[in-house]
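First comes the structure, then the notes that go with it.
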Amino acid sequence: MKTRYRSLAGVMIAAASLAPQGGSAQVQTLVIGEGGVDWIDSIEETIGVDTTAVAAGTIQPFELDPAVNIASGPVTENGNLTNTFGEVWGFRRASAGLTGTAPAEVTTDGSPFIYGSRGAGQIVDGDTLLASDPDPIAHYTIDLGFPLPISRVSWFSPPSGRTTTREFSGQLIKDLFPRQYVLSASLNAAEFLSTPTSTNFVDVIENNPNQVDRVADVRFEAQFMRYVRVRFPTRGFIAEMEFYGEGFVPGIGYVSRLFDMGEPVNFGRLHYEFERVETTGFGTEHVLTPDADVSLAVRTRSGRDDTPLIHHVVTELGTEWIVDVTEFNRAPAPAGGSTNAPGQQGSVQDDLANWSFWSASQLESGEAIGAPDGRQFFQVRAFMTSEEMFSYGRLRSITVEFSPLLANPVVAEVALLDEPSPQDGVVEVPLGEPVTLTYDVRAEFSSASQVGFNGLRLSTPEPAEFQRFEMGDPLVEVPLDSMFVRDESLEIYFPSNPVQQGANVPLRLTFVTRVFNFSTIFEGEVFQIGGENLPQSIDGGNASDAVSTNDLIVIAPLNRLEVLSELAMASSVLTPNGDGFNDGLRLSYSLHGVQSANVEVAIHDLSGRVVHRLADDVLGAGRYTDTWDGTVDGTTVPPGTYLVRVAVDTDLGTFEQTRVLAIAY
12 MKTRYRSLAG
22 VMIAAASLAP
32 QGGSAQVQTL
42 VIGEGGVDWI
52 DSIEETIGVD
62 TTAVAAGTIQ
72 PFELDPAVNI
82 ASGPVTENGN
92 LTNTFGEVWG
102 FRRASAGLTG
112 TAPAEVTTDG
122 SPFIYGSRGA
132 GQIVDGDTLL
142 ASDPDPIAHY
152 TIDLGFPLPI
162 SRVSWFSPPS
172 GRTTTREFSG
182 QLIKDLFPRQ
192 YVLSASLNAA
202 EFLSTPTSTN
212 FVDVIENNPN
222 QVDRVADVRF
232 EAQFMRYVRV
242 RFPTRGFIAE
252 MEFYGEGFVP
262 GIGYVSRLFD
272 MGEPVNFGRL
282 HYEFERVETT
292 GFGTEHVLTP
302 DADVSLAVRT
312 RSGRDDTPLI
322 HHVVTELGTE
332 WIVDVTEFNR
342 APAPAGGSTN
352 APGQQGSVQD
362 DLANWSFWSA
372 SQLESGEAIG
382 APDGRQFFQV
392 RAFMTSEEMF
402 SYGRLRSITV
412 EFSPLLANPV
422 VAEVALLDEP
432 SPQDGVVEVP
442 LGEPVTLTYD
452 VRAEFSSASQ
462 VGFNGLRLST
472 PEPAEFQRFE
482 MGDPLVEVPL
492 DSMFVRDESL
502 EIYFPSNPVQ
512 QGANVPLRLT
522 FVTRVFNFST
532 IFEGEVFQIG
542 GENLPQSIDG
552 GNASDAVSTN
562 DLIVIAPLNR
572 LEVLSELAMA
582 SSVLTPNGDG
592 FNDGLRLSYS
602 LHGVQSANVE
612 VAIHDLSGRV
622 VHRLADDVLG
632 AGRYTDTWDG
642 TVDGTTVPPG
652 TYLVRVAVDT
662 DLGTFEQTRV
672 LAIAY
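If you're matching positions, the sequence shown starts at 12 in this note's numbering and goes up one per residue.
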């Protein structure tokens, strides 16, 4: 279910929700939920959430009462029919896959929809006395809006009245119920959107060729379903179709309103209080169960203004003009699907210039916020999922760290050392080969409170080789105070030459690394060593007139992509005799262009039998090394010739390479 709350976009967060963190005077926190902004005041939209629990202080899924028909809810002020969650039903007289007609799209806001025979509005209106249509019906396809744990579907003809149609004139309508039916269900949106030759979903709940009772009451073990299809080979009349379930909504969503941080800020980490709970059935005790199969994923985004959308109205020339949301809402909606009448509402688009995309999902509390720094407005969304019907999650609070900017802005651009101005501004490098790159950084200051920085952390695909550090205009090599080379980052410290107001100069870092994906972003952040403020992420931009890339992205042409490469052994002969020479196998290889691939590294004898597995894991792009001491379960393998095989299983197929290994004593 989706619940909309009053719009609070652009309203500054209450002072009570901000507090210094620990002993740090600069880092503050925004708390949503317990101990901060009330959940009810924080929400822009929810789907599947228990509104009673929200009022009590938690975000958690709605629990279905097995005695309540979820299809029928209160009628809105506008006369719209709703389900038990308050979501408005939509209707269309179309066949939705039954006769070659499919729905145009799957709803994403939790709204339920019915396709099929006439009278769909009457089968969920709660009126058990009125037939759905003067003519007998043939089929309905129902989108419940989101997955639900359903255990019972029922329908029945009206208990009284006679027909007025020519075919059945004067007959008792209660006796004209459908005598045959096929009930099927699905969770698959692609199946729902398709136009299959079969008139049923793959999962057929019940096929009854001889229905003898006025009430068809189909009961089954509860299962998650979203799309339900009821087909009546022998047509008939029904008054109402009812759906019952038990357990908790398996997937819910929460979207916060926009929070105004008061000024552009840096974001730190996001923490949350999350509990896993189980019951044994409706009305039973709710027990905290830390190992319940329930997960929470949190995403964030940030922006420069108080709306992530761009609204348009249509001009006299048929073009579109950008307006604020107030003016957009005052404009009439297009009639009959037309959008070319002057003064009507036009398109609504994402504001990609001022708002970031939603970040990757944060799966653990305490991870760094993925939304870009240097933005004043902030929004968070959470998705909660459960694999079990009687297990659910309970989100008590979300805490967002933030602090003042170090500078505004801090931009950088990456380039090849010997090609600072590539064609079209695109940096192209070969996969897996060492390349020398420059990383130019420039800062500006827009407020006296911005204290600058004296350290830089650069994310790299592998341990990078530092070349030199330069500062000034023109650039002059400057010695670093210290440096750390880590597995996937290069950190440099220059407190003797800080970048700050009154001493603001551009800088350049030159380093050698290799890339393993067709697109690599060299993300970076600047920080104050021992300072009170949070680190500040670096944006792509024009940092140097000598470089024309204006971006942090390096690409490798796809036609050069080789998933598995650089398979090498330190020696092709293994002599595990303890003399210190070739006592162990050292095998290295590179993976390119994969995010998660099944990789197996194994030793085979000449017959192909696996002697020993060095690795069997899911890996991403990068450089890897495996070692082997020539033993299996503590016993040295016999001397002879063996094969070392590396196999990478991807969506594009299996890529493998083999090397010959000799073992001698």
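Where a beta carbon is used, it is the ideal one built from N, C-alpha and C, also for glycine.
None of these values were measured; they are calculated from a predicted model.
By the Cβ criterion, the stretch 571-586 is in contact with the stretch 594-602, since at least three pairs of Cβ atoms, one from each stretch, lie closer than 8 Å. Of all alpha-carbon atoms in Leu374, Thr447 and Leu41, the one lying nearest the alpha-carbon of valine 526 is that of Thr447. Beta-bridge annotation (DSSP): proline 472 is not paired with any residue.
By the beta-carbon neighbour count (other beta carbons within 10 angstroms, threshold 16), tyrosine 676 is exposed.
Here DSSP, grouped into helix, strand and coil, assigns phenylalanine 203 to helix. If you draw a straight line from the Cα of threonine 291 to the Cα of valine 79, it comes to about 18 Å. Pairing alanine 554 with alanine 344, the inter-Cα distance amounts to about 45 Å. The beta-bridge partner set that DSSP reports for asparagine 218 consists of Val193. Note on geometry: alpha-carbon atoms of valine 309 and leucine 41 lie some 15 Å from one another.
Tryptophan 366 counts as buried, since no fewer than 16 other beta carbons sit within 10 angstroms of its beta carbon. In the DSSP assignment, valine 65 falls outside any beta strand (DSSP E) and within the unbroken alpha helix (DSSP H) covering 62-67.
The shortest CA-to-CA distance from phenylalanine 188 to any of Asp451, Thr174 and Phe203 is the one to Thr174. One alpha carbon belongs to methionine 252, the other to alanine 382, and they sit about 45 Å apart. Within the stretch 312-379, the complete alpha helix (DSSP H) runs of at least 4 residues fall at 336-341. With contacts defined as CB atoms closer than 7 Å, serine 83 and valine 135 qualify as a contacting pair. Shown here, glycine 436 sits in a helix according to DSSP, grouped into three states.
Taking a C-beta distance under 7 Å as the contact criterion, valine 438 and glutamate 476 do not qualify as a contact pair.
Residue state for glutamine 387 is assigned as strand, using DSSP reduced to three classes. From the listed residues Asp144, Val621, Leu585 and Ala608, the smallest Cα separation to glycine 641 is found for Leu585. Taking all protein chains shown into account, aspartate 335 has fewer than 16 neighbouring C-beta atoms within 10 Å of its C-beta and is therefore exposed.
Isoleucine 263: member of the beta strand (DSSP E) spanning 262-267, first to last residue.
Apart from the 5 residues on each side of it in sequence, serine 313 sits with its Cβ closer than 6 Å to the Cβ of Ser367, Ala382, Pro383, Arg386 and Phe389 in its chain, given in chain order. Residue environment: asparagine 221 is assigned as exposed (fewer than 16 neighbouring CB atoms within 10 Å of its CB, all protein chains considered). In the structure shown, serine 53 adopts helical secondary structure according to DSSP, grouped into three states. For glycine 357, same chain residues with a beta-carbon under 7 Å away, outside a window of 5 residues either side, are His323, Val324, Val325, Glu331 and Thr350 in chain order.
Spanning the alpha carbons of phenylalanine 235 and alanine 201 requires a straight line of approximately 16 Å.
Between the stretch 413-428 and the stretch 287-305, the count of Cβ pairs shorter than 8 Å is below three; the stretches do not touch. Arginine 163 is not a Cβ neighbour of leucine 198, given a cutoff of 7 Å. Burial check for alanine 149: the Cβ neighbour count within 10 Å reaches 16 or more, so the residue is buried.
For proline 433 and leucine 363, the gap between their C-alpha atoms comes out near 26 Å.
Per DSSP, the unbroken beta strand (DSSP E) holding isoleucine 125 starts and ends at 124-127. The shortest CA-to-CA distance from glycine 541 to any of Phe464, Gly46 and Leu204 is the one to Phe464.
Between isoleucine 51 and serine 168, the gap from beta carbon to beta carbon reaches 7 Å or more.
No residue range can be given for valine 648, since it is assigned to no beta strand (DSSP E) and is classified by DSSP as neither H nor E. Nearest neighbour of threonine 95 by Cα position, chosen from Tyr192, Phe102 and Asp76, turns out to be Asp76. A contact between stretches requires three or more CB pairs, one per stretch, nearer than 8 Å, and the stretch 398-415 meets this requirement with the stretch 282-291.
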